[in-house]
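Written below as structure tokens is the structure these notes are about.
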Amino acid sequence: MHERADAALWDVVRLSRPSRVAGVTMAGFRAHETTPVTLRLIPHPAVTLALVFGAGSVTVDEATVRRQPGSLVAGLGFGPVRVRRPENFECVQVRLSPVVARAILGVSPADLYGAVVALDDLWGREAARIRERLADVSSWEERLALTDALLTRRREAGAPVDPEVAWAWRRIVVSRGLVRVDRLAAELGWSRKRLWSRFHSQIGLPPKRAAKLVRFDGAAHHLVAGQDAARVAADCGYTDQSHLHRDVMAFTGVTPATVANEPFLAIDDIAWPTRGHGVRRGTTEPAELLQLHR
Numbered sequence: 001m002h003e004r005a006d007a008a009l010w011d012v013v014r015l016s017r018p019s020r021v022a023g024v025t026m027a028g029f030r031a032h033e034t035t036p037v038t039l040r041l042i043p044h045p046a047v048t049l050a051l052v053f054g055a056g057s058v059t060v061d062e063a064t065v066r067r068q069p070g071s072l073v074a075g076l077g078f079g080p081v082r083v084r085r086p087e088n089f090e091c092v093q094v095r096l097s098p099v100v101a102r103a104i105l106g107v108s109p110a111d112l113y114g115a116v117v118a119l120d121d122l123w124g125r126e127a128a129r130i131r132e133r134l135a136d137v138s139s140w141e142e143r144l145a146l147t148d149a150l151l152t153r154r155r156e157a158g159a160p161v162d163p164e165v166a167w168a169w170r171r172i173v174v175s176r177g178l179v180r181v182d183r184l185a186a187e188l189g190w191s192r193k194r195l196w197s198r199f200h201s202q203i204g205l206p207p208k209r210a211a212k213l214v215r216f217d218g219a220a221h222h223l224v225a226g227q228d229a230a231r232v233a234a235d236c237g238y239t240d241q242s243h244l245h246r247d248v249m250a251f252t253g254v255t256p257a258t259v260a261n262e263p264f265l266a267i268d269d270i271a272w273p274t275r276g277h278g279v280r281r282g283t284t285e286p287a288e289l290l291q292l293h294r
């Protein structure tokens, strides 16, 4: 059974200061519904880590495959995925820049490309211990601080990506996905083949696909902000509206009009207010809960 979108009520809380790890953002979520709700995961140019705690587990539906992880990790560029979350759901959601994802997760983002996996499969018993610790602390401020300390420790112990690869990723993000791959290679003094190989192995997808994902992300949030699809196509560097339609369908399995009505995307500028997409729904003070009707 699907709950009406306007009946859902979320609490959203974010860190009072930036994470100690550059490229990491996080937010706490609590949903008050007493019945399960299914949400569509929209691909994002970050590896997503959902640390679920308390009672219940999320169920991930991918075509005919259904899995029930505790906490989960969504790699870059996953296809159409729906997540059915339990009643009274609580989690800390973390967005990891692919520049730091390998060090924190302990696996290459390339191994997670297009997939949603259980955190237990990556971290073993540590995933269960984290879930217990998050449930034991009494405040969101403590939970976010605990999560930040965990990520900082893992980042310091992990292997960094090449500085040239990190630079190329930042250029793609800053350009909103519009920079050409051959230009990136020329600016680095690398061959196109060398850039493709290093970038793909360390970031998790080829540079051209990375640019396509970043461009799609910007377009999706402009659609949610209420902009006309034709204008979004022009502003985000698509050849025409049909080009935008094909990209949105490829990433989500639904049309731009459906993406425009995705309620959870409207939360992004509250939970991660520095995104810069212009979707402004509200603000939170440190450790203050925001109640948001979807």
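165 is the number that the UniProt record's numbering gives to position 165 of the sequence shown; each next residue is one higher, with no gaps.
Note that beta-carbon positions come from the ideal geometry of N, C-alpha and C, so glycine has one too.
Roughly how many whole angstroms lie between the Cα atoms of residue i and residue j?
{"i": "T64", "j": "G253", "result": "Unreliable positioning characterises T64 in this predicted model, as indicated by a pLDDT of 44, which lies under 50. The coordinate reading is nonetheless provided below. Answer to the nearest angstrom: the Cα atoms are 15 Å apart."}
{"i": "D11", "j": "V83", "result": "18 Å"}
{"i": "R194", "j": "Y113", "result": "20 Å"}
{"i": "R30", "j": "A74", "result": "19 Å"}
{"i": "T48", "j": "Y238", "result": "26 Å"}
{"i": "L96", "j": "A46", "result": "5 Å"}
{"i": "H245", "j": "G218", "result": "14 Å"}
{"i": "L178", "j": "K208", "result": "10 Å"}
{"i": "M249", "j": "R154", "result": "36 Å"}
{"i": "H106", "j": "E156", "result": "Residue identity check: residue 106 is Gly in the sequence provided, not His. Taking the straight line from one Cα to the other gives about 12 Å."}
{"i": "L122", "j": "V60", "result": "17 Å"}
{"i": "A115", "j": "G124", "result": "18 Å"}
{"i": "T152", "j": "T255", "result": "38 Å"}
{"i": "D136", "j": "D269", "result": "29 Å"}
{"i": "V117", "j": "R192", "result": "31 Å"}
{"i": "R17", "j": "A271", "result": "13 Å"}
{"i": "A168", "j": "Q241", "result": "28 Å"}
{"i": "W196", "j": "R176", "result": "19 Å"}
Can you give me the Cβ contacts of residue i inside the same chain, cut-off strictly under 6 Å, excluding the 5 residues immediately before and after it?
{"i": "W190", "result": "none"}
{"i": "residue 295", "result": "With the chain running from 1 to 294 in the structure shown, residue 295 is simply not present."}
{"i": "F216", "result": "D247, F251"}
{"i": "L39", "result": "V83, F264"}
In its own chain, which residues sit with a C-beta less than 7 Å from the C-beta of residue i, not counting the 5 before and 5 after it?
{"i": "S201", "result": "S108, A110"}
{"i": "L134", "result": "L51, F53, V92, R143, L146"}
{"i": "E262", "result": "R40, I42, V224"}
{"i": "L150", "result": "I130"}
What does DSSP give as the partner residues of residue i in its beta bridges?
{"i": "Q93", "result": "A27, A50"}
{"i": "A118", "result": "L72"}
{"i": "D148", "result": "D148 is not bridged to any residue."}
{"i": "R215", "result": "Answer is none; R215 lacks a bridge partner."}
{"i": "residue 295", "result": "Examination of residue 295 is not possible in this model, given that the chain is present from 1 through 294 alone."}
Report the CB separation of residue i from residue j in whole angstroms; it is logged as a contact under 8 Å.
{"i": "R94", "j": "G23", "result": "With the sequence shown as reference, residue 94 is identified as Val, and Arg is not the correct amino acid for it. About 11 Å separates the two Cβ atoms, so there is no contact after all."}
{"i": "V174", "j": "F199", "result": "Contact doesn't hold; Cβ gap of about 16 Å is too wide."}
{"i": "V259", "j": "A230", "result": "V259 to A230, Cβ: 15 Å. No contact."}
{"i": "A233", "j": "H243", "result": "7 Å"}
{"i": "R102", "j": "V161", "result": "7 Å"}
{"i": "P43", "j": "L213", "result": "6 Å"}
{"i": "Q89", "j": "L41", "result": "Here the sequence assigns Phe to residue 89, which means Gln is not the residue at that position. About 14 Å separates the two Cβ atoms, so there is no contact after all."}
{"i": "G158", "j": "I104", "result": "6 Å"}
Between which residues of its own chain and residue i is the CB-CB distance below 8 Å, once the five residues before and five after are set aside?
{"i": "D148", "result": "L15, S19, R20, V21, V24, M26"}
{"i": "Q227", "result": "D235"}
{"i": "I172", "result": "V179, L184, P207, A210, A211, V214"}
{"i": "E132", "result": "F53"}
The ligand NAP heavy atoms versus the CB of residue i: any closer than 6 Å?
{"i": "V107", "result": "Because no ligand of any kind appears in the structure shown, any question about the ligand NAP cannot be addressed here."}
Quiz item: Can we say the stretch 141-158 touches the stretch 175-192, given the rule of at least three CB pairs closer than 8 Å?
Solution: Two segments are said to touch when three or more pairs of C-beta atoms, one from each, lie closer than 8 Å; by this definition the stretch 141-158 does not touch the stretch 175-192.
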